[in-house]
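J.: Structure below; questions to follow.
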DNA sequence: CAACTAATGCTCAGGCGGAGTATATCCATG
DNA sequence: CATGGATATACTCCGCCTGAGCATTAGTTG
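Residue numbers (this note's numbering), protein chains in the order written: chain F, 510 to 844; chain S, 510 to 844.
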């Protein structure tokens with residue numbers, strides 16, 4: 510780490526995290542102990558791009574200390590994120606908790622980080638606000654396949670990854686690495702799996718191809734791979750959030766938290782495509798949405814300029830209660 | 510809460526949790542602050558029953574403080590659970606983190622609880638050990654449908670739940686509750702969904718039908734619903750673990766962590782059935798397992814007594830690397 | 001040997017998902 | 001006003017997966 514980043518969701522109470530271990534991390538706390546940090550991956554989809562709320566020149570996720578006053582972790586999260594985003598959170602889900610030693614403030618201080626995924630609609634950030642919304646593909650360019658496979662994958666990523674695989678000391682390890690590359694990046698006839706965001710990030714990390722992995726070894730020089738990095742492990746947390754969201758939209762109707770109250774089916778499709786980083790088959794997408802009875806017509810039509818006007822739909826909130834998630838893969842006997 | 514439970518995975522360092530807030534919760538810690546607790550849902554399948562490791566007369570899950578010495582949460586977990594279970598953990602997964610105020614030790618003390626799911630094979634517990642393995646259906650009798658719908662559901666659960674629904678003040682709320690009961694318990698033609706373990710528990714909790722919900726109101730008398738309860742919210746955590754595992758086995762080959770190294774397909778099936786609480790179609794189960802190439806023959810046959818001898822199989826560990834999880838539900842276009 | 005139990009092999013029908021064709025309805029433009 | 005471009009919407013087709021059941025094999029037990 511080079512800078513001394515200040516992380517705070519509430520700009521009124523920033524605190525430094527990688528210096529001066531004697532600084533209290535919880536109000537009123539003194540001496541050694543454990544502090545808890547809440548980190549938010551706040552997602553919106555605007556103009557066909559999936560975007561995340563960032564701070565510190567787009568290099569940090571919003572985060573803030575968990576305080577004794579908070580009723581629960583989730584309510585603490587909701588409270589300060591809603592204040593920050595100037596908008597209620599539609600959906601909040603816990604991502605992961607970690608307390609790795611390299612995040613600690615000192616030998617007798619430890620930070621536990623609890624990360625959350627939140628869905629909302631983008632609100633304009635304030636003038637002079639250090640918060641800004643960024644396309645998440647700024648951080649993971651290789652995850653966007655809507656316009657086809659990005660050229661940088663073949664030109665930059667794969668050569669570097671292959672070199673990493675070939676650099677393994679034993680044949681078995683070389684095989685293993687090559688196979689892992691093929692699986693995570695969908696090579697050798699294997700399908701691309703858009704959910705493997707974290708696995709791809711970790712592979713690039715282990716291969717030393719991204720800046721985060723080179724912080725400990727500055728002599729390695731600049732990382733060869735595109736994509737903006739973030740402080741600490743925030744990009745890793747973002748990867749976790751993207752992966753979770755990409756999995757979630759397949760079996761739970763959370764997309765509707767990200768589109769306006771009324772929308773056309775194409776708008777909805779573009780939103781899903783933005784999240785998944787892949788294009789859908791239009792006719793089948795509508796079939797899926799309609800025959801699952803996820804939406805109902807409003808009776809209005811869109812005022813778009815080109816083409817046949819599209820009907821406007823709204824989400825049928827009832828589906829949230831009238832049935833649970835579907836989907837089983839076990840050959841359960843009904844008799 | 511009635512007793513003053515001692516929770517500790519390592520019997521050498523128990524600590525009291527609902528009394529004397531001045532007690533330090535982290536070694537070396539003093540004064541107000543935050544402490545972290547690790548709670549384990551440790552699962553094995555023995556003799557066709559899914560079992561969990563418990564302490565304190567089977568009323569608590571193993572738990573212990575997160576210590577500064579631990580490298581990470583997960584490694585802390587692994588270390589002390591393996592010591593407790595006298596067996597390496599095959600698979601560990603984080604479940605959930607919470608810090609609700611009603612778990613706090615006092616106004617200026619807060620406990621963050623991080624729960625984990627671990628899979629292993631049952632080892633005999635030590636003589637005089639307070640640890641014991643219990644069938645998880647002891648705590649959730651309504652979750653076992655292998656022998657058909659348990660009679661207690663129709664005889665006890667549903668009448669009480671219907672009374673709860675009818676007691677709602679408004680018509681809309683009555684409808685909503687009745688619908689929720691139907692969805693979670695698979696009534697009115699809706700299918701039983703074995704993954705809704707937590708939702709069912711929470712419904713029973715809200716309906717005031719289980720002891721945990723009545724602790725605050727002792728005048729309500731004994732809870733009418735079967736199933737052993739646990740201290741604090743341990744039964745809730747167990748429900749979370751069961752739900753997660755029931756979902757996981759459908760798309761990730763974790764069952765193999767719970768069966769011996771070599772097994773017959775029926776043994777494997779019985780293990781899955783134990784977890785899911787439902788019976789499988791035998792032929793289709795084999796088809797699923799074999800055509801996914803999850804197993805390979807050992808060449809041996811089982812020495813069981815009755816019926817045609819069954820071939821023994823072993824898990825093909827390669828599948829973990831040779832392909833990732835499958836399954837998509839988005840109409841992704843391949844062109 | 002007959003009966004029983006369990007393993008294993010195979011078929012069949014319905015449904016769903018991927019893909020493509022066809023038609024409808026708007027706008028812009030000549 | 002006709003036409004072409006663009007988009008929305010409807011429908012069809014086919015292969016695969018899945019639930020379900022029948023049939024056969026290979027052991028043990030009485």
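The beta carbon of each residue, even a glycine, is placed where N, CA and C say it ideally should be.
Rounded to whole angstroms, what's the CA-CA distance from residue 555/S to residue 743/S? Just pull it up for me.
T.: 22 Å
J.: Below 9 Å between beta carbons is the criterion; list the residues of the region 622-640 of chain F that meet it against any residue of chain S, in chain order.
T.: 623
J.: Short of 8 Å in beta carbon distance, which residues of its chain neighbour residue 650/S, apart from the five on each side in sequence? Order them along the chain.
T.: 659, 661, 735, 736
J.: Look up residue 538/F in the DSSP assignment and say whether it is helix, strand or coil.
T.: Residue placement at residue 538/F cannot be trusted, given a pLDDT of 37 that sits under 50; the coordinates are not used to answer.
J.: According to DSSP, what are the bridge partners of residue 824/F?
T.: 804/F
J.: For residue 825/F and residue 804/F, what's the separation of their Cα atoms in angstroms?
T.: Looking at the two C-alpha atoms, the distance is approximately 5 Å.
J.: Hey, would you say residue 686/S sits closer than 7 Å to residue 674/S, going by beta carbons?
T.: yes
J.: Which whole-angstrom value is the C-beta distance of residue 609/F and residue 581/S, which I expect to be below 8 Å?
T.: In this structure residue 609/F is in contact with residue 581/S, their Cβ atoms being roughly 5 Å apart against a cut-off of 8 Å.
J.: Would residue 759/F pass as an interface residue toward chain S - the criterion being a Cβ-Cβ separation below 7 Å?
T.: yes
J.: Quick check for students: name the residue ranges of the alpha helix (DSSP H) that lie wholly in the region 592-677 of chain F, counting only runs of 4 or more.
T.: 667-675
J.: Could you say which of 786/F, 758/F, 793/F lies nearest to residue 774/F if we only look at CA atoms?
T.: Comparing Cα positions, the closest option is 793/F.
J.: Let's test the definition: count the other Cβ atoms within 10 Å of the Cβ of residue 695/F and tell me whether it reaches 16, buried, or not, exposed.
T.: By the C-beta density criterion, residue 695/F is buried, having at least 16 other C-beta atoms within 10 angstroms.
J.: With 8 Å as the C-beta to C-beta threshold (strictly closer), list the residues of the region 684-698 of chain F near chain S in chain order.
T.: 685, 688, 689, 692, 693
J.: Cα separation between residue 600/S and residue 668/S?
T.: Their Cα atoms are separated by approximately 40 Å.
J.: Report all residues from its chain with a CB closer than 8 Å to the CB of residue 785/F; omit the five preceding and five following residues, and keep chain order.
T.: 703, 755, 758
J.: Indicate whether residue 551/S and residue 562/S have their beta-carbon atoms separated by less than 7 Å.
T.: yes
J.: Does chain F have any CB closer than 7 Å to the CB of residue 546/S?
T.: Proximity of residue 546/S to chain F, defined by a Cβ-Cβ separation below 7 Å, is not satisfied.
J.: Could you tell me the distance, in whole angstroms, from the CA atom of residue 629/S to the CA atom of residue 643/F?
T.: 43 Å
J.: Taking only beta-carbon positions, decide if residue 765/S is within less than 7 Å of chain F.
T.: no
J.: Indicate whether at least one CB of chain S lies closer than 7 Å to the CB of residue 786/F.
T.: no
J.: In the DSSP output, which residue or residues are listed as bridge partners for residue 561/S?
T.: 552/S, 643/S
J.: Considering only residues of the region 671-744 of chain F, which uninterrupted alpha helix (DSSP H) runs meet the minimum length of 4 residues and lie entirely inside it, listed in chain order?
T.: 680-694, 706-715, 720-723
J.: When you compare each of 716/F, 654/F, 558/F to residue 780/F by their alpha carbons, which one comes out closest?
T.: 558/F
J.: For the putative contact between residue 656/F and residue 625/F, defined by C-beta atoms under 8 Å, what is the C-beta separation to the nearest angstrom?
T.: Taking a contact as a CB-CB distance under 8 Å, the pair residue 656/F and residue 625/F does not count as one, their CB atoms being some 31 Å apart.
J.: On the CB-based measure, 16 or more other CB atoms within 10 Å of its CB, does residue 830/S come out buried or exposed?
T.: Its Cβ having fewer than 16 others within 10 Å, residue 830/S is exposed.
J.: Please report how far the alpha carbon of residue 579/F lies from the alpha carbon of residue 782/F, in whole angstroms.
T.: 36 Å
J.: Any idea what DSSP makes of residue 575/S, helix, strand or coil?
T.: coil
J.: Please tell me whether residue 596/F has its Cβ less than 7 Å away from any Cβ of chain S.
T.: no
J.: Less than 7 Å between the C-beta atoms of residue 751/S and residue 545/F, yes or no?
T.: no
J.: Between the alpha carbons of residue 665/S and residue 810/F, how many angstroms are there, rounded?
T.: 51 Å
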